[in-house]
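Novice: Numbering follows the working numbering, with no gaps: position 480 of the sequence shown is 1790.
No residue lacks a Cβ here, since even glycine has one placed at the ideal position from N, Cα and C.
Note that the structure is predicted; figures quoted are calculated from it, not measured.
Just passing along the structure, written as structure tokens.
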Amino acid sequence: MSENLIDTNQYLCAVNSLKEKITRSVDVEPHKEKEYCLELIELAMSQQDNFNIGFSYVWLADYYFFVERDIEMTNKYLSLAYGLLKDSKDTILMKYYVLKSLVFEKDDEYIPMLRCQLSIRQLTKETGDDTYLGTYYANVGSLFKACNDFDEALRYYQLTEKEFDRLEDKSTNLQYLIHLTKMIECYCAINDESNVEIIMNKINKISDEVPSKEMVIPYVQMLYYALKKDKDKIIENVEIMIDKNMLHYPKDTLRYQLIIESMRCLLIAKNEKYARIMFDAIDNEVDRNLRDNIDIQKYRLEFNRLFGDEKSKKLIYKNFYENYRQLVSARSLSKIQTFANLFQIQNAMDHHKKIESDNNQLEREVLIDELSGLFNRRYLDVVKTQCQYLGAEQDFAIILIDIDYFKEYNDNYGHIEGDEVIRQVAKSLLKYSTNEIVACRYGGDEFYVVCYETTKEKVEKYIIDIMTDLMSKNILHQYSKCSDRVTISIGYYLDKLNKDTNLLEYIGYADRSIYISKRNGRNTFTKYEKGGDL
């Protein structure tokens, strides 16, 4: 169409017709979605209509995410769309945030996922359009579910349920079926049989015409019987899903969920045959991130514990245990940061006590050094996150600590005694720690201490206290060149902590000052002064 021949009314009619075709094609002709989007882009470009170009980009992203499963192209079109739509208050911007959230969820990136949900909520308030309010509740519920906070997840899912209740006929709604499935997964996780049965009755009332219902019914029954430890019923429902082509089911997200949960249930049933089939199916998936999924790693270890011979057990533990631990740490740290961000952004939420409790549990899981009982070096990531949300700047110090001649101690007294020295130093650090003074082990014989809202006098009092306490323990060290007892050398840097703080730079300054302490004979401490003699 030539732009000279299109008047405003004709243009709007053509645009609205294409928009209707795009939204209708999603469910009935998904491969037509791209064709209609490209047609609308061409039409909108002819009129320099940035809004409808952006609209088309969002739906192209929808196509690449759900049909082509191409995350790179999904992100490309979402980025293009945002540049055109960021100042609009239309529901298409909410759809942008929904898609962006799904991309983040796929990669377990909970913090940006949460930000997308908060943007949806803000747009809902600003526009008065609650079209995506149910989506907001459902996605925040999924965020808490991913963090294993099932009570909080269910609270949001129950809010989602109220939004579905406003529909004229939710029994024909696929999203409602998916929603009920997530609720069952949560109730199974907390061993609530009665509510599982209630939700299963709701699922049975959903129309048989709803796509995926034939697969969801045996799936939720499998979860239910896993809860009851009924091995025969677990296997029976797995066989039904396999007969219904579960392993090659076209909807990726549902197929992954079916396979992963089937693994878990089959291990409960101790069925080697079908569990092996599930692992083979995962190994054939092209998504490498899926094969590295933390739950799958855990199930591989359990499978080999149940069915592997000694040789295979050793191999599987060697290959996967370290990878599994890294995955646990990475995901759990993300959880801590997610909860911290949630608390900062939505501090009016009434569940902050629950969040703080979960933080403490997660800190024990991934931030604690097993040998010393102190925080480990990952605590620095928590400090970095805190910097982003500081209001007014505060006085802050970083202290670095080295055990003097620790290599000589290990070489002559042995590593068992060396480990005990590390524990004793840690006890001295902990003895004088407070809420504002946080002691950590950096690695080896190196420690660091983070001091919040502090002063030079407070820092040096802490240093003198720990040095005195360690000396009072009289730990013999005949191979030290500065004392006949175990001693420590210390350097620290005092400055302001704010949003622009470069924590690595501060650590570098403290490291330079500890070098001065060593040059001055060790068993002493030094404050770093910019421009001073190094």
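For the putative contact between T1744 and D1705, defined by C-beta atoms under 8 Å, what is the C-beta separation to the nearest angstrom?
Specialist: Within the sequence shown, the letter at position 434 stands for residue 1744. Within the sequence shown, the letter at position 395 stands for residue 1705. About 15 Å separates the two Cβ atoms, so there is no contact after all.
Novice: Would you mind stating whether D1712 and Y1742 have Cβ atoms separated by less than 7 Å?
Specialist: As a position in the sequence shown, residue 1712 is number 402, starting the count at 1. As a position in the sequence shown, residue 1742 is number 432, starting the count at 1. It is not a contact, given that the beta carbons lie outside the stated cut-off.
Novice: For the beta strand (DSSP E) that contains I1508, what are its first and last residues?
Specialist: In the sequence shown, counting from the first residue as 1, residue 1508 sits at position 198. No beta strand (DSSP E) holds I1508; the alpha helix (DSSP H) holding it covers E1503 to N1514.
Novice: Would D1359 be called buried (16 or more neighbouring beta carbons within 10 Å of its own) or exposed?
Specialist: As a first step, residue 1359 must be located in the sequence shown, where it is residue number 49. Result: buried.
Novice: Give the straight-line distance between the Cα atoms of N1385 and V1692, rounded to the nearest whole angstrom.
Specialist: Start at 1 with the first residue of the sequence shown, and residue 1385 comes out as number 75. Start at 1 with the first residue of the sequence shown, and residue 1692 comes out as number 382. If you draw a straight line from the Cα of N1385 to the Cα of V1692, it comes to about 28 Å.
Novice: Of the choices Y1392, L1353, I1732 and E1339, whose alpha-carbon is the least far from that of F1376?
Specialist: If you number the sequence shown from 1, residue 1376 lands on position 66. For F1376, the nearest C-alpha among the options comes from E1339.
Novice: Is V1759 helix, strand or coil when you go by DSSP?
Specialist: Along the sequence shown, read from residue 1 onward, the residue named residue 1759 stands at position 449. In this structure, V1759 counts as strand in the three-state DSSP scheme.
Novice: To the nearest angstrom, how far is it from the Cα of Y1819 to the Cα of C1761?
Specialist: Position 509 of the sequence shown, counted from the first residue, corresponds to residue 1819. Position 451 of the sequence shown, counted from the first residue, corresponds to residue 1761. Approximately 15 Å between the Cα atoms of the pair.
Novice: Would you call the segment 1581 to 1594 and the segment 1503 to 1520 touching, i.e. three or more CB-CB distances under 8 Å?
Specialist: no
Novice: Could you tell me which residues DSSP pairs with D1805 in its beta bridges?
Specialist: For this step, residue 1805 is matched to residue 495 along the sequence shown. Answer is F1706, bridged to D1805.
Novice: When the Cβ atoms of the segment 1708 to 1727 are set against those of the segment 1785 to 1802, are three or more pairs found closer than 8 Å?
Specialist: yes
Novice: Residues in its own chain within less than 7 Å of E1436 by CB, not counting five upstream and five downstream?
Specialist: In the sequence shown, counting from the first residue as 1, residue 1436 sits at position 126. Contacts found: K1399.
Novice: Of the residues V1731, Q1320, D1679 and D1810, which one's Cα is nearest the Cα of Y1715?
Specialist: Start at 1 with the first residue of the sequence shown, and residue 1715 comes out as number 405. With distances taken between Cα atoms, Y1715 lies closest to V1731.
Novice: Check whether the Cβ atoms of G1451 and A1463 sit closer than 7 Å, and answer yes or no.
Specialist: Within the sequence shown, the letter at position 141 stands for residue 1451. Within the sequence shown, the letter at position 153 stands for residue 1463. Yes, Cβ-Cβ distance for G1451 and A1463 is below 7 Å.
Novice: Output the distance between the C-alpha atoms of Q1320 and K1344, rounded to the nearest integer angstrom.
Specialist: Reading the sequence shown from its first residue, position 10 is the one you call residue 1320. Reading the sequence shown from its first residue, position 34 is the one you call residue 1344. For Q1320 and K1344, the distance between alpha carbons rounds to 23 Å.
Novice: Between the segment 1425 to 1439 and the segment 1468 to 1480, can you find at least three pairs of beta-carbon atoms closer than 8 Å?
Specialist: They do not touch, by the three-pair rule.
Novice: What residues are listed by DSSP as bridge partners for R1795?
Specialist: To locate residue 1795, count along the sequence shown from 1; it is residue 485. For R1795, which the question treats as bridged, DSSP gives the partners L1786.
Novice: For K1523, collect the residues of the same chain with a Cβ closer than 7 Å to its Cβ; drop the 5 residues on either side in sequence, then sort them by chain order.
Specialist: As a working note, residue 1523 is residue 213 in the sequence shown. Same-chain partners within the cutoff: L1487 and I1516.
Novice: Closest to I1773 by CA distance: which of A1324, C1792, D1755 and S1738 is it?
Specialist: Within the sequence shown, numbered from 1, the residue matching residue 1773 stands at position 463. When each option's Cα is compared against that of I1773, the closest is S1738.
Novice: Below 8 Å on the Cβ atoms is my guess for S1799 versus R1751; work out the distance and round it to an integer in Å.
Specialist: Working through the sequence shown from its first residue, we reach residue 1799 at position 489. Working through the sequence shown from its first residue, we reach residue 1751 at position 441. Rounded, the Cβ-Cβ distance is 16 Å, inconsistent with contact.
Novice: Output the distance between the C-alpha atoms of V1638 and I1578, rounded to the nearest integer angstrom.
Specialist: Taking the sequence shown and counting its residues from 1, the one referred to as residue 1638 is at position 328. Taking the sequence shown and counting its residues from 1, the one referred to as residue 1578 is at position 268. Because V1638 carries a pLDDT of 49, less than 50, the predicted location of this residue cannot be relied on, and no value is offered for it.
Novice: Measure the C-alpha to C-alpha separation of D1810 and L1403 and round it to an integer number of angstroms.
Specialist: Start at 1 with the first residue of the sequence shown, and residue 1810 comes out as number 500. Start at 1 with the first residue of the sequence shown, and residue 1403 comes out as number 93. Cα to Cα, the separation comes out at about 31 Å.
Novice: With a threshold of 16 other CB atoms inside 10 Å of the CB of N1449, please say whether the residue is buried or exposed.
Specialist: Taking the first residue of the sequence shown as position 1, residue 1449 is located at position 139. It is buried - the Cβ of N1449 has at least 16 other Cβ atoms within 10 Å.
Novice: According to DSSP, is I1826 helix, strand or coil?
Specialist: Start at 1 with the first residue of the sequence shown, and residue 1826 comes out as number 516. If DSSP states are grouped into helix, strand and coil, I1826 belongs with the helices.
Novice: Exposed or buried, I1341, counting other C-beta atoms within 10 Å across all chains shown (16 or more means buried)?
Specialist: Taking the first residue of the sequence shown as 1, we reach residue 1341 at position 31. For the record, residue 1341 in the displayed sequence is His; it is not Ile. By the neighbour-count rule (16 or more Cβ atoms within 10 Å), H1341 is not buried but exposed.
Novice: Between the beta-carbon of L1350 and the beta-carbon of L1328, is there less than 7 Å?
Specialist: Locating residue 1350 in the sequence shown gives position 40, counting from the first residue. Locating residue 1328 in the sequence shown gives position 18, counting from the first residue. Yes. Within cutoff.
Novice: Would you call the CB atoms of Y1838 and Y1803 closer than 7 Å?
Specialist: In the sequence shown, residue 1838 corresponds to position 528, counting from 1. In the sequence shown, residue 1803 corresponds to position 493, counting from 1. The answer is yes: Cβ separation under 7 Å.
Novice: I need the straight-line Cα distance from T1491 to D1553, nearest angstrom please.
Specialist: For this step, residue 1491 is matched to residue 181 along the sequence shown. For this step, residue 1553 is matched to residue 243 along the sequence shown. Between T1491 and D1553, the C-alpha separation is close to 20 Å.
Novice: Please report how far the alpha carbon of R1476 lies from the alpha carbon of A1324, in whole angstroms.
Specialist: Indexing the sequence shown from 1 puts residue 1476 at position 166. Indexing the sequence shown from 1 puts residue 1324 at position 14. Cα to Cα, the separation comes out at about 32 Å.
Novice: When you compare only the Cα positions, how much space is there between K1354 and C1347?
Specialist: Counted from its first residue, the sequence shown places residue 1354 at position 44. Counted from its first residue, the sequence shown places residue 1347 at position 37. What sits at residue 1354 in the sequence shown is Ala, not Lys. Taking the straight line from one Cα to the other gives about 10 Å.
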